[in-house]
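Read in order, the letters of the sequence shown correspond to residues 975 to 1667 in the numbering used here. All C-beta atoms, glycine included, are put in the ideal place defined by N, C-alpha and C.
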Amino acid sequence: MLIGSYSLALVFISLCVAILASYTALDLTGRIATARGWAVHLWMAGGALAMGVGIWSMHFIGMLAFRLPIELGYDGPLTLLSLLIAILSSGFALWLVSQPRLPALQLAFGALVMGAGISAMHYCGMAALKMQPGIDYDPTLFGASLAIAVVASAAALWIAFRLRRNTPYVRLARSGAAVIMGLAIVGMHYTGMAAANFAQGSFCGAAGSGLSGKGLDSLVLVTSLAVLSIALLISMLDARLEARTAMLADSLSQANRELTHLALHDTLTGLPNRVLLADRIDQAMHKVMAEGGCFALMFIDLDGFKPVNDAFGHHMGDQLLREVALRLRDGLRSQDTLARIGGDEFVLLVQLAEPDDALQVASRQVGLISRPFRLAEHELQISASLGIVLYPGNGQTAEELLMNADAAMYHAKGSGKNGHSFFDASMNSNARKQLQLLQDLRQALEQRQFRLYYQPKFDALKGTPVGAEALLRWEHPEEGLLLPDKFIALAEKTGLIIAIGDWVLDEACRQMRLWYEQGYQHWRIAVNLSALQFCHAGLVDSVAGALARHQLPANSLTLEITETTAMSDADASMAVLQKLSDMGVDLSIDDFGTGYSSLMYLKRLPANELKIDRGFVRDLEHDTDDAAIVSAIVALGQALGLRIVAEGVETDMQQTFLTRLGCDSLQGYLLGHPLPAERFMADIGRLKQPVAS
Ligand code: C2E
Ligand code: CA
Ligand code: CA
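In structure tokens:
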């Protein structure tokens, strides 16, 4: 028998190659497991190639490590066949472990196929020696080599399957597994080699013609190392890319979730907002239409919230709203929706088994709010007014339901607050009218339906006109001429007053410019400002723009601000008033006497004029108190160096009295009604002579 020997260096190298091939294979299963679509097939093919080359070269280097005292060579086609078998078995193994599940039976079958593949590769590679006479295999060792191949394959498949997901420490686990797998493959190979007996006098049939010679081992080694490392490198880069993509996708979807949440929720309380509520109402209506049943919509408005907000500040107000939200939310079922749709307005949508159940829910919610709130050492007492609509019954659309619930809530407020009202058709005619009016108001500017009427102001002593107050009128296509009390509040509530106010400013300045050119340079045109306009950042620019457009000196314009507006946020008003005053605009405190001005504050205001509220003027003749108040106001105004105007002068007696008291100018129906500009001039022509003081 020929005695073989091994090159220890090559044996060691073959072990290293086996471990590297195993690691590559494990790494690639990770890629296949997370890849999608096309990439799966690419990774599978590339992986089969790399892993096959790896296993095969381990085997071939192992063969090269073996030496016989005769010359050896390897038949080309058979060697190639053994490589092919290695690649195919690897492909099969990768496919198997990339399946979603790997039950024991499938694992056993896979191990058999793969074990057979590796053995086939090995013995095919041995056959490439073309020994004459043939190799005599020891049956026990041969059997053992087959068994090792199958068991090693089973272990390898199981490990690869378990480690295919990217979990923490997966690389470390794969390295350990690769060592075990490498040892198993090497064990199979050398057991197989040990099984081979070469008869004395044998010779290698492939010695001359086949692959042989110096450097073959290095060639195989270098090639296989190159294939393996390229595969590994690509795999790792891809894994990193994938991880980064996953991270990006993750933060993107997180951001998306946050955005959606923000768009659908109120930031202060975290409750659903109006948008989400509308959606929930639609869903609830669909459900009722499909499955029957009913739901109630409750409009909840806090009573006495504004005073708390004014007295304790916004911070406290916000905290109170959060507490209210918590209480209202408490005890609701998950299918019910509590939304906050405005400052202190909440809406509750509750699914009901019976319409009658609404009553109980409503009185419970009202009761929850009427208990005192403790906030930062303060005990606050508020209450809630609640309006209820039922569906089906009280409306067809989400908007109509909400509007009717709002109307019912107003009814509850009207009936003494701290309670609830069920909607009733009689409540909504007003609400519907308001809604219609609001829709019309949105178009009124565009459709040029606004007009300015002018009411003259006269010098009290001389009786000559000193200017006019511009008063807004709305020529409604159906309702006719509407006075401000019909629509100003609505315009303020919706913010439309800003645009309307700009129009008023511009139109009044345009008219004043015409009068200016007609020789009335000493007149002033007075324009009323609403509280909202006054708080709006653009006011100063709007005023400056209107003056510039019509080339009016700033002093031709008087801005009338009610006392309450001017005093509401004293510091902010002061800043705006100061800016306007610095521009040279004339400022008038309207409705004076109805608010609660502090004298100190009044002294600091850069105002030029006080307008005595027409309520005092009206009662002048009967009410001695009012007479005293008016004379006090006049004295006060004079002391502060302000012009005094009396408005609402309707009788000769009032005119005489106010003139005697020392009012500078007078305004009222007695002297002139508000009229369109065309009729204004004709009207002041018929002026009564002033009374001598
Ligand atoms: P105001 O500023 O106090 O305007 C005077 C109101 O008293 C006007 O009512 C005027 O028609 C009325 N009036 C004038 N003389 C007499 C009189 O002798 N007796 C009586 N009983 N009333 C008289 P109007 O035009 O209905 O305006 C009501 C309020 O609407 C105004 O009160 C003002 O606060 C607001 N307003 C009017 N025009 C505008 C505007 O362009 N912008 C803003 N923001 N508010 C406006
Ligand atoms: Ca006014
Ligand atoms: Ca007034």
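Limits of the alpha helix (DSSP H) - the one that residue i falls within
i, result
"PRO1113", "1113-1136"
"TRP1030", "1012-1039"
"PHE1508", "1505-1509"
"VAL1071", "1050-1071"
"SER1203", "1190-1238"
"GLY1341", "1331-1344"
"SER988", "982-1008"
"PHE1631", "1626-1635"
"HIS1596", "Segment: none, HIS1596 is in no alpha helix (DSSP H) and carries neither H nor E."
"LEU1295", "1288-1303"
"LEU1306", "Unbroken run through LEU1306: none, as it is neither H nor E."
"GLU1328", "No alpha helix (DSSP H) holds GLU1328; DSSP gives it neither H nor E."
"TYR1143", "Segment: none, TYR1143 is in no alpha helix (DSSP H) and carries neither H nor E."
Collapsed DSSP secondary structure at residue i in the structure displayed
i, result
"LYS1280", "helix"
"HIS1524", "coil"
"CYS1178", "strand"
"GLY1493", "coil"
"ILE1499", "strand"
"ARG1314", "strand"
"LEU1349", "strand"
"GLN1663", "Per-residue confidence for GLN1663 stands at a pLDDT of 45, beneath the threshold of 50, marking its modelled position as unreliable; the derived number appears in the next sentence. In this structure, GLN1663 counts as coil in the three-state DSSP scheme."
"PHE1396", "strand"
"SER979", "strand"
"ASP1086", "Here the sequence assigns Leu to residue 1086, which means Asp is not the residue at that position. LEU1086 falls in the helix class under three-state DSSP."
"LEU1245", "coil"
"LEU1419", "coil"
"LEU1412", "helix"
"LEU1076", "coil"
"LEU1251", "helix"
Residue i Cβ short of 7 Å to ligand 4 heavy atom set
i, result
"SER1542", "Looking for ligand 4 in the displayed structure turns up nothing; the ligands present are ligand 1, ligand 2 and ligand 3."
Outcome for residue i when other beta-carbon atoms lying within 10 angstroms are tallied against a minimum of 16
i, result
"HIS943", "Lying before the first or after the last residue shown, residue 943 is absent from the chain, which here runs from 975 to 1667."
"ILE1044", "exposed"
"ALA1327", "exposed"
"PHE1083", "exposed"
"SER1389", "exposed"
"ASP1404", "In the sequence under discussion, the amino acid at residue 1404 is Asn, which differs from the Asp named in the question. Its Cβ having fewer than 16 others within 10 Å, ASN1404 is exposed."
"GLY1615", "exposed"
"ALA1217", "exposed"
"LEU1645", "buried"
"VAL1608", "buried"
"PRO1648", "buried"
"LYS1662", "Residue placement at LYS1662 cannot be trusted, given a pLDDT of 45 that sits under 50; what the coordinates show is reported in the next sentence. LYS1662 comes out exposed."
"GLN1417", "exposed"
"PHE1432", "buried"
"LEU1576", "buried"
"ILE1059", "buried"
"LEU1226", "exposed"
DSSP bridge partner residues for residue i (one or two, in chain order)
i, result
"TRP1448", "PHE1424 and LEU1456"
"MET1272", "LEU1322 and ILE1362"
"ASP1110", "ASN1171"
"LYS1585", "VAL1619"
"PHE1432", "PRO1439 and LEU1640"
"MET1105", "CYS1178"
"ALA1563", "Strictly speaking, residue 1563 in this sequence is Ile, with Ala absent from that position. Looking at the DSSP assignment, ILE1563 forms a beta bridge with ILE1535 and LEU1584."
"SER1357", "ASP1277"
"PRO1043", "Its beta-bridge partners do not exist; DSSP assigns none."
Endpoints, the beta strand (DSSP E) within which residue i is located
i, result
"THR1568", "Per DSSP, THR1568 belongs to no beta strand (DSSP E) and is neither H nor E."
"LEU1531", "1531-1536"
"ILE1618", "1617-1620"
### Query
Would you say the region 1026-1037 touches the region 1070-1089, given that touching needs at least three Cβ pairs under 8 Å?
Cβ pair count under 8 Å is below three, so no.
### Query
Counting Cβ pairs, one atom from each stretch, are 3 or more of them under 8 Å apart for the region 1235-1243 and the region 1281-1301?
With a cut-off of 8 Å, the region 1281-1301 and the region 1235-1243 count as touching, because enough Cβ pairs lie within range.
### Query
Is it a yes or a no for the region 990-1007 touching the region 1148-1161, going by three-plus beta-carbon pairs under 8 Å?
Contact holds: three or more Cβ-Cβ distances are below 8 Å.
### Query
Do the region 1527-1542 and the region 1550-1570 make contact, defined as three or more Cβ pairs closer than 8 Å?
Three or more beta-carbon pairs drawn from the region 1527-1542 and the region 1550-1570 are found closer than 8 Å, and the two stretches are therefore classed as touching.
#### Entry: Touching by the beta-carbon criterion (3+ pairs, under 8 Å), the region 1105-1120 and the region 1060-1069
The region 1105-1120 vs the region 1060-1069: no contact.
### Query
Do the region 1594-1608 and the region 1633-1647 meet, that is, are 3 or more Cβ pairs less than 8 Å apart?
Yes, they touch.
### Message
Does the contact criterion of 3 or more C-beta pairs under 8 Å hold for the region 1406-1425 versus the region 1305-1318?
### Response
Note that the region 1406-1425 does not touch the region 1305-1318; fewer than 3 beta-carbon pairs, one per stretch, sit closer than 8 Å.
### Query
Is the number of C-beta pairs between the region 1088-1097 and the region 1158-1171 that are closer than 8 Å three or more?
The region 1088-1097 is in contact with the region 1158-1171.
### Query
Would you say the region 1330-1350 touches the region 1386-1400, given that touching needs at least three Cβ pairs under 8 Å?
Yes, the region 1330-1350 is in contact with the region 1386-1400.
### Task
Please confirm if the region 1339-1352 is in contact with the region 1247-1263, defined as three or more CB-CB distances below 8 Å between the two stretches.
Counting Cβ pairs under 8 Å, fewer than three are found: no touch.
### Message
Check whether the region 1260-1269 and the region 1277-1286 touch, using three or more Cβ-Cβ pairs below 8 Å as the test.
### Response
By the Cβ rule, the region 1260-1269 does not count as touching the region 1277-1286, because fewer than three pairs are nearer than 8 Å.
#### Entry: Inter-stretch contact (C-beta, 8 Å, three-pair minimum) for the region 1518-1532 and the region 1454-1468
Contact annotation: the region 1518-1532 does not touch the region 1454-1468, with fewer than three C-beta pairs closer than 8 Å.
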